[in-house]
Ligand code: ADP
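Numbering (the working numbering), first residue to last: 119 to 264.
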């Protein structure tokens, strides 16, 4: 069985994230969505809510799991016996960031590969931070969330 992890902050989980998970499921048997948070800061207040929001989306799908972690992504991947880390890339900025992450994750893990899926053009400008900003100012963001 081939498992991939999909790490991120998912604050919140958007249609762009949903699209990456759907496409990753065409390549891998299982996708573990990992909500990463900083071990040096207090646990985010809304972490449980984020886990529940995402779990509810995949309620009936045994091939998707959701879990929080606060250590290295490669150690999270190893705990799940994952063969790959899946990332979505929207832009050159994402690309540069993911390239360095992928290089070190492979070196430090003895070979866990990063699989990049390029964002669907309809979601290429969608980010969790845009959703948070719109929400803060009272806009309806339901079209942006799965
Ligand atoms: P964001 O970058 O929006 O704050 P995350 O840090 O939680 O979201 O992102 C987790 C992963 O999902 C990263 O690999 C990121 O590049 C990817 N991603 C985020 N938004 C999208 C999108 N709209 N389309 C494709 N991939 C995305």
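Backbone N, C-alpha and C define an ideal beta-carbon position, used for all residues, glycine too. As the structure is a prediction and not an experimental result, all values here were calculated from the model.
Three-state secondary structure assigned by DSSP to residue 138: helix
Same chain, Cβ closer than 6 angstroms to residue 201, five either side skipped, listed in chain order: 120
Heavy atom of the ligand ADP within 7 angstroms of residue 252 beta-carbon: no
Three-state secondary structure (DSSP) of residue 186: strand
Bridge partners - residue 235, DSSP secondary structure assignment: 206
Where residue 124 sits in the DSSP three-state scheme: strand
Contacting residues, own chain, Cβ-Cβ under 8 angstroms from residue 173 (five flanking each side not counted): 184
Unbroken alpha helix (DSSP H) run spanning residue 253, endpoints: 246-254
Alpha carbon of residue 176 to alpha carbon of residue 164, nearest angstrom: 19 angstroms
Residue 230 (DSSP reduced to helix, strand or coil): coil
Distance between beta carbons of residue 162 and residue 249, contact taken as under 8 angstroms: Residue 249 to residue 162, Cβ: 16 angstroms. No contact.
Given 8 angstroms, three or more beta-carbon pairs between the stretch 221-231 and the stretch 133-149: no
heavy atom of the ligand ADP below 7 angstroms from residue 244 C-beta: yes
Proximity winner among 157, 126, 246 and 166, relative to residue 150 (alpha-carbon distances): 126
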